[in-house]
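Quick note: the sequence shown uses this note's numbering, first residue 34, plus one each step. Where is the CB? At the ideal position from N, CA and C, for every residue including glycine. These figures come from a predicted structure and were not determined experimentally.
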Amino acid sequence: QDISGWNVSNVKDMSFMFKGTNFNQDISNWDVSNVTNMVGMFAGDSKFNQDISNWNVSNVTNMASIFMYASKFNQDISNWNVSNVTNMMAMFFSAKEFNQDLSKWNVSNVTDMSAMFYQAEKFNSDLSNWDVQKVTNMKGMFNEAKNFNSNLKDWDVSNVTDMSFMFNGVEKFNSDLSQWNVANVINMNAMFQMVKNFNSDLSSWNVSNVTDMSFMFNEADKFNSDLSNWDVSNVTNMSYMFSGAKKFNSDLSNWDVSNVTNMSYMFSEAEGFNSDLSRWNVAKVTNMKAMFQKARNLNSNLSNWNVSHVTDMSFMFAGAEKFNSDLSRWDVSNVTNMQAMFGRATNFNSNLSRWNVSKVTNMKHMFAYAYKFNSNLRSWNVSKVTDHQNMFLGARNFNNNYRPRFR
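Structure follows, in structure tokens:
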């Protein structure tokens, strides 16, 4: 049925009107001037790609997911008056063809832009002049929008609380964000994950309210900003934070990490990293799995670390080729997993004779190919160990008489 001539001038709600259909008729002349709700209007409509450039949307307040999965849509909507819209959540979510000029849009009343351009793979409009002052949620806003690289230097993000996954996988993005006011942000999980080109100066960011920085710079290959003055005192999760950030080597010696509980994979494959971490208070950390795995340049003094709450140290220094700190005084009495902890830590040779390993169940490959290691471990209580396969494989300097007395 041809509905192009319908009189819709009294309609106020068009939410989900064409959701999941193959609708693709010319509705350019529809009078939508009284519509306030367009939530999901074309969501999942895989055919729609009609000219709606002249629509009067000035009364619409909600455009959440209007073009979500509208995989063909790529029409000029640059002149839309969106000044009354408050919700643009997932508006162009996976609108894979969409790449129109939105530079003149007045988004000054929008509060939610979460997932707005999620997987909008071709999108790269200039958004430099957008007024985003009222936005509180930018979670996943450009997540996997691979081609996006607009200048966002002057954005006022002072009311945003969630920036998790905001630029995740935005491979080309490298805008200057040095002046951003992120003082209200609580969540930065995966914010710049896999942003291969990003290297903005973030030294003056106020991150004092952030609690989650896990995966924040994971595989951000070029990132190497000075973060020495960051206040991370409220962060609880730093898992994978700099994992694979190969160039990163900022001084983090003064960081207050006293509330962090998870540091697993934090510097895994951070090949350039070698900051002094000797004064870090890690007393609350329970998970240090693979924390410095393949951190090839790391050789900080960690002798005074309080690791008494850590339960998992598996792969912690695996492949940390230069590491040789004195760990003789470490309290490892709560650790249960030490699998491959020093595997291929080719320079490591600390005295570990006094370690209390009575709770450890897994010592598989613990010192495999730790070429220089030769500490006497005969007094270790290994009564709970169930797997010690290849524990000293390739540890060519190790004296077999120093082996723990396994049952």
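Span separating the alpha-carbon of V44 from that of S297: Taking the sequence shown and counting its residues from 1, one reaches residue 44 at position 11. Taking the sequence shown and counting its residues from 1, one reaches residue 297 at position 264. Distance between the alpha carbons of V44 and S297 is about 54 Å.
Look at the alpha carbon of N92 and the alpha carbon of D159, and state the distance between them as a whole number of angstroms. Walking along the sequence shown from the start, residue 92 turns up at place 59. Walking along the sequence shown from the start, residue 159 turns up at place 126. Each residue's alpha carbon lies about 25 Å from the other.
CB-CB under 7 Å to K137, same chain, minus the five flanking residues each way: which ones, in chain order? As a position in the sequence shown, residue 137 is number 104, starting the count at 1. The residues are S111.
If A223 sits next to N242, beta carbons under 8 Å apart, how far is it from one beta carbon to the other, in whole angstroms? Working through the sequence shown from its first residue, we reach residue 223 at position 190. Working through the sequence shown from its first residue, we reach residue 242 at position 209. Not really, about 18 Å apart at Cβ, beyond 8 Å.
Could you tell me whether the Cβ atoms of A378 and A401 are closer together than 7 Å? In the sequence shown, counting from the first residue as 1, residue 378 sits at position 345. In the sequence shown, counting from the first residue as 1, residue 401 sits at position 368. For the 7 Å CB-CB criterion, A378 and A401 do not form a contact.
Does the beta-carbon distance from V118 to W88 come in below 7 Å? Translated into positions along the sequence shown, residue 118 becomes position 85. Translated into positions along the sequence shown, residue 88 becomes position 55. Contact flag unset, no.
Short Cβ contact (7 Å threshold) for S211 with D234: What you label residue 211 is simply residue 178 of the sequence shown in a count that begins at 1. What you label residue 234 is simply residue 201 of the sequence shown in a count that begins at 1. Yes, these two residues count as a Cβ contact at 7 Å.
Leaving out five residues before and five after N201 in sequence, what residues of the same chain have Cβ atoms less than 6 Å from its Cβ? Here residue 201 is taken as the residue at index 168 of the sequence shown, counted from 1. The residues are N176, A223, Q226.
Helix, strand or coil at N433 according to DSSP, with G and I counted as helix: Residue 433 sits at position 400 when you count from the first residue of the sequence shown. If DSSP states are grouped into helix, strand and coil, N433 belongs with the helices.
Assigned secondary structure, D46 (DSSP; H/G/I helix, E/B strand, else coil): For the purposes of this step, residue 46 is taken as the residue at position 13 of the sequence shown. Collapsing the DSSP output to three states places D46 in a strand.
Local conformation of D345 per DSSP, three classes: By one-based count along the sequence shown, residue 345 stands at place 312. Residue state, collapsed to three classes: strand.
So, helix, strand or coil for N170, using DSSP? Along the sequence shown, read from residue 1 onward, the residue named residue 170 stands at position 137. In this structure, N170 counts as strand in the three-state DSSP scheme.
DSSP three-state assignment for D420, whether helix, strand or coil: Start at 1 with the first residue of the sequence shown, and residue 420 comes out as number 387. Looking at D420 - three-state DSSP - the assignment turns out to be strand.
Three-state secondary structure assigned by DSSP to D234: Against the sequence shown, residue 234 aligns to sequence position 201. In the structure shown, D234 sits in coil (DSSP, three-state: anything other than H, G, I, E or B).
May I ask you to report which of helix, strand or coil DSSP gives D245? As a first step, residue 245 must be located in the sequence shown, where it is residue number 212. Assignment of D245 by DSSP, reduced to helix, strand and coil, places it in the strand class.
Separation of T194 from I219, as counted between CA atoms: Sequence index remark: in the sequence shown, residue 219 carries index 186 (1-based). Sequence index remark: in the sequence shown, residue 194 carries index 161 (1-based). So the two alpha carbons sit approximately 5 Å from each other.
What is the DSSP secondary structure of N370, counted as helix, strand or coil? Within the sequence shown, residue 370 is the residue found at index 337, counting from 1. Correct three-state label for N370: strand.
Spatially closest choice to D284 from K317, V293, N292, F306, by CA coordinates: To locate residue 284, count along the sequence shown from 1; it is residue 251. Checking every option, the nearest Cα to that of D284 belongs to F306.
Please name the residue in K280, T169, S237 whose C-alpha comes closest to that of L260. As a working note, residue 260 is residue 227 in the sequence shown. With distances taken between Cα atoms, L260 lies closest to S237.
Nearest-angstrom Cβ-Cβ length linking N132 and S116, presumed shorter than 8 Å: Position 99 of the sequence shown, counted from the first residue, corresponds to residue 132. Position 83 of the sequence shown, counted from the first residue, corresponds to residue 116. Incorrect: roughly 23 Å between the Cβ atoms, too far for contact.
Secondary structure of N114, DSSP reduced to three states: Here residue 114 refers to the residue found at position 81 when the sequence shown is read from its first residue. Of the three classes helix, strand and coil, the one that applies to N114 here is coil, per DSSP.
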